[in-house]
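S.K.:
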Amino acid sequence: MFNKLNKINKIKNCFNKSIYQINYSSKPIFKEGITNVKLDRDNKDGTSDYIKLHDNVIMNTYGRVSDIVFTHGKDSWLYDMKGDKYLDFGAGIAVNALGHSNDGWSEVVANQSKKLTHLSNLYYNQPAIELAQSMIASTPIFDKVFFANSGTEANEAALKFAKKIGIAKGGVDKHEIIAFSHGFSGRSMGSLSCTHKSKYREIYGPLVPGVHFAEYNDIESVKKLMSKSKTCAVIIEPVQGEGGLEAATVEFMQQLYKLCKENDCLLIVDEVQCGIGRTGQLWAHTRFDTEKCKPDIMTLAKPLAGGLPIGAVLVSDKVASEIKPGDHGTTFGGGPLVCEVGKYVFERISQPSFLKEVQEKGKYLTDGLKKLKDQFPNSILEIRTVGGLFVGIQLDHNVSDLVSYAKSQKILIINAGDDVIRFCPPLTITKQEIDQLLLVLKNYLIKVNSNKK
């Protein structure tokens, strides 16, 4: 008995000692060279310190296009640690629709953050209901909204809704999806399965089965894949963002809608990048005539909250009536902070006067690019746009040199493939700022063509 008590006391002493060491150690253990690195945000020469630490603590999943660390922005301009400013023609990949640090936007963020930021979907909140009201009131096609946190999540939800409805109607075989060449739907497993580029897909196989790729703008290729007993949905971008700003034709989309109706499958339009004013129209799909092309589901995200993470899925009553509590969900989607901001952004962009300005500035940009194409016909092969501030130019060479040159001239532009530049600036950009871009492009093309001689 005495030996047992002695052993128990020894164990207790060891346990108490370990607790003491954990709780009261006077010297915390740090990873050498990481957590004890001192950083100074105000040091104009501190860029390399931040980039070095970035490489040590953040996963290498992005090919950064520059060695710049930005500190703040205002309107169409970004400012780096050195104090240099850059004209932003990418807008965070078509996200910052009202520019950086917009006064009205910032005020809404500040006011709502003092009231309620997160609630979960166990309870109702006013901003989500009001944003949904504004969105549904703007379209005759859609009747209900599901909120998410990104375009990928919005597309994932849309695919799940389509699969549930397809299987309910036609059994387990009616689960297949038709997507399109050069399309980009996202990076989660379902949306990645509908993303065409092999370099994004091949390392994660096998992906979701039953996804087939048709040729964009080729109705015959869709017909070959379509099956009334197997196809539950078609997902398509009205204008392909990552795919080089190729636009679906009116004729093709009307034929596609008719084909979907004949085969009892849903038509999903992915307006994550091209929607909410980007093309000069509130919705990109309205170009196809909503009487002759009436999508069942529309997905949105990038510009909706002007820089905060949000996604949305708009559906018809036909779709909404099939989805029940528990079929899908999200912790953060539809939160009061992001929806209050989304309501401000959406209602501002929805104004006819705002959209008219986007159309005018888009035409101004396109006209300027056409003049450059006339001057350098062998360098600019094609200008791609359906209107608004979503414009692409295809060059006769890889665009990486142009991206680097523009950066050296303090203008930020982004590619959409190897030979296409995508211009998607803040919708509030000015004509004077567009002129600055056009001048840099002209100087680059002069340089390129002089080197060819």
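So for the sequence shown, our numbering puts the first residue at 604; every next one is plus one.
Ideal Cβ positions, reconstructed from N, Cα and C, are used throughout, including at glycine.
Quick caveat: nothing in here was measured; it's all calculated off a predicted structure.
#1: So, is Asn626 buried or exposed, given that buried needs 16 or more other C-beta atoms within 10 angstroms?
#2: Using three-state DSSP, classify Met738 as helix, strand or coil.
#3: Can you tell me whether Ser628 is buried or exposed? The criterion is at least 16 other CB atoms within 10 Å of its CB, across all chains shown.
#4: Taking DSSP's pairing of strands, which residues face Phe783 in a bridge?
#5: Quick check: what's the CA-CA separation for His931 versus Cys877?
#6: Rounded to whole angstroms, what is the Cα-Cα separation between Gln624 and Pro912?
#7: Return the CA-CA distance between Thr934 and Val916, expressed in angstroms with no decimal places.
#8: Can you pull the DSSP bridge partners for Thr834?
#9: May I ask which residues mark the beginning and end of the beta strand (DSSP E) holding Val918?
#10: Answer with buried or exposed for Gln884, where buried requires no fewer than 16 other C-beta atoms within 10 angstroms of its C-beta.
#11: Under the assumption that Thr720 contacts Leu940 (Cβ atoms under 8 Å), give the Cβ distance between them as a whole number of angstroms.
#12: Okay, do the segment 1016–1033 and the segment 694–705 touch, 3+ Cβ pairs below 8 Å being the bar?
#13: Per DSSP, what kind of secondary structure is Phe750 in: helix, strand or coil?
#14: Just to check my reading of the structure: Val875 and Pro898 have Cβ atoms closer than 8 Å, yes? What is that Cβ distance to the nearest angstrom?
#15: Quick check: what's the CA-CA separation for Leu1005 versus Val711?
#16: Straight-line CA distance for Tyr786 to Ile839?
#17: Here's the rule I'm using: 16 or more other beta-carbon atoms within 10 Å means buried, otherwise exposed. How should Lys1034 be labelled?
#18: Along the alpha helix (DSSP H) that carries His657, what are the first and last residues, could you check?
#19: On a Cα-Cα basis, can you pick out the residue from His778, Met684, Leu859 that is closest to Pro841?
#20: Which residues in the same chain have their Cβ closer than 6 Å to the Cβ of Asn808, if we skip the five residues on either side of it in sequence?
#21: Helix, strand or coil, according to DSSP, for Trp680 in the structure here?
#22: Take every Cβ of the segment 787–794, pair it with every Cβ of the segment 756–772, and state whether three or more of those distances are shorter than 8 Å.
#23: Closest to Asp892 by C-alpha separation, out of Pro743, Ala731, Lys685, would be which residue?
#24: Restricting to Cα atoms, I'd like to know which of Ser824, Arg890, Leu870, Lys767 is closest to Glu854.
#25: Looking only at its own chain, which residues have a Cβ that is under 6 Å from the Cβ of Phe949, when we skip the five neighbours before and after it?
#26: Can you list, in chain order, the residues of its chain whose CB lies under 8 Å from that of Leu642, leaving out five sequence neighbours each side?
#27: Skipping 5 residues on each side, what residues in its chain have a beta carbon closer than 7 Å to that of Lys677?
#28: Excluding sequence positions up to five away, which residues of its chain have a Cβ less than 8 Å from the Cβ of Asn866?
#29: Using beta-carbon positions only, say whether Leu972 and Phe692 come within less than 7 Å of one another.
#30: What number of angstroms, rounded off, separates the C-alpha of Glu943 from the C-alpha of Ala904?
#31: Whose C-alpha, out of Ser716, Ala765, Gln978, Leu862, is nearest the C-alpha of Val814?
#32: Contact check, Asp669 vs Lys1010 under 8 Å by CB: the rounded distance?
#33: Identify which residue in Gly995, Cys797, Ser982, Gly910 has its Cα closest to the Cα of Ser753.
#34: Let me know the secondary structure DSSP gives Asn724 once reduced to three states.
#35: Using alpha carbons as the reference points, say which of Ala851, Leu975, Lys1055 lies closest to Cys896.
M.R.: In short:
#1: Any reading at Asn626 must be qualified, since the residue scores a pLDDT of 49, below 50, and its modelled position is unreliable; the value itself is stated next. Label assigned to Asn626: exposed.
#2: helix
#3: Because the pLDDT of Ser628 is 48, which lies under 50, any placement of that residue in the model is unreliable, and the number read from its coordinates should be weighed accordingly. So Ser628 ends up on the exposed side.
#4: Ala817
#5: 25 Å
#6: Only weak support is given to the placement of Gln624: the predicted model assigns it a pLDDT of 47, under 50, and the question is left unresolved by the model.
#7: 16 Å
#8: Glu779
#9: 914–918
#10: buried
#11: 4 Å
#12: yes
#13: strand
#14: Contact doesn't hold; Cβ gap of about 14 Å is too wide.
#15: 37 Å
#16: It should be pointed out that residue 786 corresponds to Gly in this sequence rather than to Tyr. Computed Cα separation, rounded: 7 Å.
#17: exposed
#18: 650–660
#19: Leu859
#20: As written in the sequence, residue 808 is Gly, which differs from the Asn given in the question. Closer than 6 Å at Cβ, skipping near neighbours: no residue.
#21: strand
#22: yes
#23: Pro743
#24: Arg890
#25: Ser737
#26: Gly649, Asp652, Tyr653, Leu656
#27: His703, Ser704
#28: Met829, Ser830, Lys831, Thr834
#29: no
#30: 15 Å
#31: Ala765
#32: Residue identity check: residue 669 is Ser in the sequence provided, not Asp. With a Cβ gap of about 6 Å, Ser669 and Lys1010 count as contacting.
#33: Gly910
#34: coil
#35: Ala851
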